[in-house]
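*Asks:* Residue numbers (the numbering used here): 350 to 468.
Got a structure here, written out as structure tokens. Questions coming.
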């Protein structure tokens with residue numbers, strides 16, 4: 350997404366991830382815990398190609414565009430920073446068996462991501 354606001358771009362992307370988890374009831378991510386530890390199983394690859402990598406790319410692009418607008422410190426535009434939000438969402442889904450609500454997603458953006466990237 351390109352809303353013109355890094356906060357909104359991050360929130361839209363994480364909402365998309367959350368909605369995907371809801372649609373598949375998180376089953377795919379739970380199965381990943383049981384699949385081969387080397388991460389080379391078929392399900393790992395499908396999830397990586399269809400969900401994980403696109404979300405991570407969108408998060409990175411949101412950070413890059415935010416840096417161009419002066420909303421993000423340039424040194425915060427890294428793949429590792431882009432992975433933080435999705436990692437929290439997926440971890441919570443796997444460990445708690447549920448997904449973040451809208452307020453909790455906004456909290457992840459406002460209380461975790463924005464402080465990390467703020468100029």
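Beta carbons are placed, not taken as given, at the ideal position from N, Cα and C, and that holds for glycine.
On a predicted model such as this, the values are computed, not experimentally measured, just so you know.
1. By how many angstroms is the C-alpha of residue 368 removed from the C-alpha of residue 454?
2. Quick check on this structure: which residue in 404, 445, 396 and 410 has the alpha carbon closest to the alpha carbon of residue 354?
3. Could you tell me which of 463, 417, 436 and 373 sits nearest to residue 402, measuring between CA atoms?
4. Which runs of the alpha helix (DSSP H) at least 4 residues long sit entirely within the stretch 399–458? Give them in chain order.
5. Which class does residue 373 belong to by DSSP, given the choice of helix, strand or coil?
6. Can you give the Cα-Cα distance for residue 413 and residue 351, rounded to whole angstroms?
7. Please determine, among 365, 422 and 444, the residue with the shortest C-alpha to C-alpha distance to residue 464.
*Replies:* Well, looking at it:
1. Here residue 454 is taken as the residue at index 105 of the chain shown, counted from 1. Here residue 368 is taken as the residue at index 19 of the chain shown, counted from 1. The alpha-carbon atoms of residue 454 and residue 368 are separated by roughly 11 Å.
2. As a first step, residue 354 must be located in the chain shown, where it is residue number 5. Cα-wise, what sits closest to residue 354 is 410.
3. In the chain shown, residue 402 corresponds to position 53, counting from 1. Looking at the Cα atoms, 436 is the closest of the given residues.
4. 402–417, 428–445 and 451–456
5. Counting from 1 along the chain shown, the entry for residue 373 is found at position 24. The answer is coil: DSSP assigns residue 373 none of H, G, I, E or B.
6. Position 64 of the chain shown, counted from the start, is the residue given in the question as residue 413. Position 2 of the chain shown, counted from the start, is the residue given in the question as residue 351. If I take the Cα positions, the gap works out to 11 Å.
7. In the chain shown, residue 464 corresponds to position 115, counting from 1. Checking every option, the nearest Cα to that of residue 464 belongs to 422.
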